[in-house]
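Q:
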Amino acid sequence: MEKPITTIGAAGLAVLTVGMAAAVAHAQRGATPPRAPAAQTASTYSGPRAPDRKPDLNGIWQVLGSAHWNVEAHSASEGVPAGFSVVEGGTIPYQPWALAKRNENFQNRLVADPLRKCYMPGVPRAMYLPFPFEITQTANHVLIAYEFAHATRTIFLDATPHMEDLDFWMGDARGKWDGDTLVVDTVSLGDKTWFDEAGNFHSDALKVVERFTPMDAAHINYEATIDDSKVFTRPWKMSMIVYRRLEKNLELLDYECAEHVYEKLFKKPGSTP
Amino acid sequence: MRTSLIVAAPLLAVLVLPGIAGAQDGRGAPPAGRGAAPAAYPPYARPVSTFVAPRTADGQPDISGLYIAIPLPRGIETPLVPMPGRAPNRANGEFSYSLNERPKLPEGAITRPVGVDPPDGKIPLTPEALARRKQIIANQEKIEYLDGRVLCLAPGVPRTTIAAPVVGYQIFQKPGYVVIFYEQNHLYRTIPLDGRAPLDPNIRKAMGVSRGHWDGNVLVVEVTNFTNNLSNNWVIGAVSATPGVPAESLTTGHGIPHSDLYRVTERYTPIDANTIHYEARIDDPKVFTQPWTIAYYAFARAPKNYVPVEYACFEGNDKNLLLMTNTDITGVRVAVP
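Protein chains in written order, with my numbering: chain D, 345 to 617; chain W, 4 to 340.
In structure tokens, the structure reads:
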């Protein structure tokens, strides 16, 4: 599971990944990206629009619900609210070995969940963490800044292709507008992130196609189609509603996860720095 | 010990190089030997910009785009600490990092050290803060005093604006906001321009809380509410202290502390369509006897083929920390809501 790219981490990433992700890129060639169902032909969107007439997604948003703990249906457990499944059809179509692996992950989740090591959450998990995120939209980009661990995504809308032979925790995202729906194609996500705290996982063959369909000024219908032929028997889809946070003068705050690691490690409780 | 660690850890090898060392452009600086009289630099004056940027849809000067840091040449020290004279030599580490296409300074740029006020180049530390800094420098190999940037903590302001090996800056503008995405450690700042009130002092952010406004073509940002929960939250500094350098020195910026009252006033001045000059006035009455100021040409438009990529700093940094400080963090887990 460990790959050199992340064990070296840090500043070496840009240089060091070049050769290492070749296998990933190779595996990704050949298969065409999954396509979510076509958007409605006539948009019912009535919310604000940007100068280029695209729906204006600028602002702070958040998903409600409990997908962060488990994208499948689950009862409550200590510290975990109960929740409906966000997976179309209810359950994730794992290959048998992968289902066993997921169950093992679940047993080990309190130490094995990458989020508990303060690693970036990956895609699509970043979208439904119990933290807000902020969208900044230009004609050529959609930027997403996440409150959790200051993760970011730069979604290029300029029709440039994905980079080859690189691997990213938050993926390499390219988007385009399909009518009033923002369609984002994300690859090169690596194999280290999970979909939730329950151990639902993927391989380095993961491709995610997200569809952001604004319903009105304050709601986005969010769908993510998950394609990973190494782990699943077929592509599958999750969907949820993204809510605009309407509090006046709201701004993103910090969940600087790494700080909490060091606090735990060497700061005595109650001491001053 | 440190040498072997640098070799072993790619993170350090890159990060150790750029301090907040010296002058912007060494070509105009006289050679200085150890013990020589401080080099004479002209007094700092804010650069006069006649450039009028195009306007965004909501009327802001449009400075949006992809920039890279203009390197701060090394080997050109502040007047306080003349270093042994030697000819500038790129292979000898003249520049704080290397690029295939090194950004150029605008014509007429005045060359001088980064510390512009007070003019002696010293950081005006209070006696208590100076003692604290000496303590940090003396213990710099321990994880509790290790540079927060090596720990992959957010380096705050102005530190994220000091040239670093991962150098891309994406500036975006939307109505009422300037948004900066730093390539370094995937940091970001959202700067509201609507004159809103500061946040409650109980709310702290690693990159501070920013409040901006346009003063003509100059973006002015007040930054407050910085995190101050660890010994490692330095908002300015270099990775390690050079032996023999006095603790008052800005040249080796290791371990400059700050308190809950720390605040920075930034000025981003577009000099031409390709260059942004940066000034930061640093104030903290608990740490400094007076406010002090750094200024330099900070950003140049990125070359057309420059693509910012993800800088995953913390992920996997445990190996570096084990090598550097013999501290094993691999077993540490934190609760996530």
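Glycine included, every Cβ here is placed at the ideal spot set by N, Cα and C.
Keep in mind that this is a model prediction, so the values were computed, not measured.
(1) Does the beta-carbon distance from proline 64 of chain W to alanine 56 of chain W come in below 7 Å?
(2) Among D:Leu533, D:Trp513, D:Asp502, which one has its Cα closest to the Cα of lysine 520 of chain D?
(3) Give me the DSSP bridge partner(s) of methionine 582 of chain D.
(4) Would you check if there are 3 or more beta carbon pairs closer than 8 Å linking the stretch 291–298 of chain W to the stretch 551–570 of chain D?
(5) Look at the alpha carbon of phenylalanine 302 of chain W and the alpha carbon of valine 182 of chain W, and state the distance between them as a whole number of angstroms.
(6) Quick one: which unbroken beta strand (DSSP E) runs of 3-plus residues sit fully inside the stretch 97–177 of chain W? Chain order, please.
(7) Starting from alanine 602 of chain D, find everything on chain W with Cβ-Cβ shorter than 8 Å and list it in chain order.
(8) Need the endpoints of the alpha helix (DSSP H) that methionine 559 of chain D sits in, please.
(9) Residues in its own chain within less than 8 Å of leucine 156 of chain W by CB, not counting five upstream and five downstream?
(10) Any residues in the stretch 494–514 of chain D with a beta carbon nearer than 8 Å to a beta carbon of chain W? Which ones, in chain order?
(11) Excluding sequence positions up to five away, which residues of its chain have a Cβ less than 6 Å from the Cβ of alanine 489 of chain D?
(12) Closer than 8 Å by C-beta to aspartate 396 of chain D: which residues in its own chain qualify, once you throw out the five before and the five after it? Chain order, please.
(13) Which residues of chain W have a Cβ atom closer than 7 Å to the Cβ of aspartate 548 of chain D, listed in chain order?
(14) What residues in its chain sit with their C-beta under 8 Å from that of histidine 494 of chain D, if we drop five residues either side in the sequence?
(15) Is the shortest distance between the beta-carbon of alanine 483 of chain D and the beta-carbons of chain W less than 7 Å?
(16) What does the Cβ neighbour count give for asparagine 118 of chain W, buried or exposed, with the cut at 16 atoms within 10 Å?
(17) Take phenylalanine 450 of chain D as the anchor and find which of D:Phe610, D:Asp540, D:Met559 has the nearest alpha-carbon.
(18) Leaving aside the five residues before and after aspartate 275 of chain W along the sequence, list all residues of the same chain whose C-beta is less than 7 Å from its C-beta, in chain order.
(19) Among W:Ile206, W:Trp217, W:Gly215, whose alpha-carbon lies nearest the alpha-carbon of threonine 343 of chain W?
(20) Closest by CA to phenylalanine 610 of chain D, which one among W:Arg192, W:Ser213, W:Val310, W:Thr328?
(21) Please list, in chain order, the chain C residues whose beta carbon lies closer than 7 Å to that of histidine 189 of chain W.
(22) Do we get a CB-CB distance below 7 Å when we pair arginine 305 of chain D with the residues of chain W?
(23) Please list, in chain order, the chain D residues whose beta carbon lies closer than 9 Å to that of asparagine 205 of chain W.
(24) Identify the contact partners of valine 531 of chain D in chain W, using a Cβ-Cβ distance below 7 Å as the criterion.
(25) Starting from asparagine 544 of chain D, find everything on chain W with Cβ-Cβ shorter than 8 Å and list it in chain order.
(26) Determine whether the Cβ of arginine 199 of chain W lies closer than 7 Å to any Cβ atom of chain D.
(27) Check each candidate in W:Val224, W:Glu313, W:Tyr314 and name the one with the smallest Cα separation from tyrosine 271 of chain W.
(28) CA-CA distance, lysine 461 of chain D and lysine 125 of chain W?
(29) As a quick exercise: from W:Glu318, W:Gly171, W:Pro201, pick the residue whose alpha carbon is nearest that of tyrosine 191 of chain W.
(30) Which partner residues does tyrosine 300 of chain W have in the DSSP bridge list?
(31) Given that methionine 471 of chain D touches chain W, what residues does it touch there, using C-beta distances under 7 Å?
(32) Looking at the structure shown, is glutamate 591 of chain D part of a helix, part of a strand, or coil, going by DSSP?
(33) Quick one: is alanine 489 of chain D near chain W, going by C-beta distance under 7 Å?
(34) Cβ atoms of methionine 582 of chain D and valine 431 of chain D: under 7 Å apart, would you say?
(35) Run the CB neighbour count on isoleucine 239 of chain W, radius 10 Å, all protein chains shown included, and call it buried at 16 or more, exposed below.
(36) Using three-state DSSP, classify leucine 454 of chain D as helix, strand or coil.
A: Judging by the given coordinates:
(1) Alanine 56 of chain W is positioned such that its CB atom lies closer than 7 Å to that of proline 64 of chain W.
(2) Nearest C-alpha to lysine 520 of chain D: D:Asp502.
(3) Its beta-bridge partners are D:Val431, D:Ala568.
(4) By the Cβ test, the stretch 291–298 of chain W is not in contact with the stretch 551–570 of chain D, since fewer than three Cβ pairs between them sit closer than 8 Å.
(5) Roughly 15 Å separates the two Cα atoms.
(6) Counting only runs that start and end inside the stretch 97–177 of chain W, the beta strand (DSSP E) elements of at least 3 residues fall at 118–120, 171–177.
(7) The answer, in chain order, is Leu154, Cys155, Leu156, Phe317.
(8) Counting along the chain, methionine 559 of chain D falls outside any alpha helix (DSSP H), though it belongs to the beta strand (DSSP E) covering 551–560.
(9) Take leucine 156 of chain W, set aside five residues on each side of it, and the residues of its chain with a beta-carbon closer than 8 Å to its own are Ala209, Leu233, Asn235, Asn236, in chain order.
(10) Residues of the stretch 494–514 of chain D with a Cβ closer than 8 Å to any Cβ of chain W, in chain order: His494, Ala495, Thr496, Thr498, Met507, Leu510, Phe512, Trp513, Met514.
(11) Here alanine 489 of chain D has Glu478, Thr496 as same chain residues with Cβ atoms under 6 Å from its own Cβ, once five neighbours each way along the sequence are excluded.
(12) Only residues of its own chain outside the window of five on either side were considered, and among them Ala483 have a CB closer than 8 Å to the CB of aspartate 396 of chain D, listed in chain order.
(13) Chain W residues near aspartate 548 of chain D: none, gap ~15 Å exceeds 7 Å.
(14) Same-chain partners within the cutoff: Asp598, Glu600.
(15) Answer no: the Cβ-Cβ gap between alanine 483 of chain D and chain W never drops below 7 Å.
(16) This sequence places glycine at residue 118 of chain W; asparagine is not what is there. With 16 or more other Cβ atoms within 10 Å, it is buried.
(17) Checked all of D:Phe610, D:Asp540, D:Met559; the closest Cα to phenylalanine 450 of chain D is D:Asp540.
(18) The answer, listed in chain order, is Phe54, Pro109.
(19) Nothing can be reported for residue 343 of chain W, as the shown portion of chain W is limited to 4 through 340.
(20) Across the set W:Arg192, W:Ser213, W:Val310, W:Thr328, the C-alpha of W:Thr328 shows the shortest separation from the C-alpha of phenylalanine 610 of chain D.
(21) You won't find chain C in this structure, because its protein chains are D and W.
(22) As displayed, chain D neither begins before 345 nor continues past 617, which places residue 305 of chain D out of reach and without an answer.
(23) Against chain D, the beta carbon of asparagine 205 of chain W has no neighbour under 9 Å; the closest one sits roughly 11 Å away.
(24) Within 7 Å Cβ-Cβ: nothing; valine 531 of chain D doesn't reach chain W, min ~13 Å.
(25) Neighbours of asparagine 544 of chain D in chain W, taken as residues whose beta carbon is under 8 Å from its own, are absent, since the nearest beta carbon is some 16 Å off.
(26) At a cut-off of 7 Å, the C-beta of arginine 199 of chain W has a neighbouring C-beta in chain D.
(27) Taking each of W:Val224, W:Glu313, W:Tyr314 in turn and checking the Cα distance to tyrosine 271 of chain W, the smallest one comes out for W:Val224.
(28) A direct Cα-to-Cα measurement between lysine 461 of chain D and lysine 125 of chain W gives close to 40 Å.
(29) Nearest Cα to tyrosine 191 of chain W within the set W:Glu318, W:Gly171, W:Pro201: W:Gly171.
(30) Paired residue(s): W:His280.
(31) Methionine 471 of chain D does not reach chain W, its nearest Cβ partner there being about 15 Å away, counting only Cβ pairs nearer than 7 Å.
(32) Coil at glutamate 591 of chain D, not helix or strand.
(33) Chain W, which has a Cβ nearer than 7 Å to the Cβ of alanine 489 of chain D, makes this yes.
(34) Taking 7 Å as the Cβ cut-off, valine 431 of chain D and methionine 582 of chain D qualify as a contacting pair.
(35) Burial is judged here by how many other beta carbons sit within 10 angstroms of a residue's own beta carbon; isoleucine 239 of chain W has at least 16 and is buried.
(36) Correct three-state label for leucine 454 of chain D: helix.
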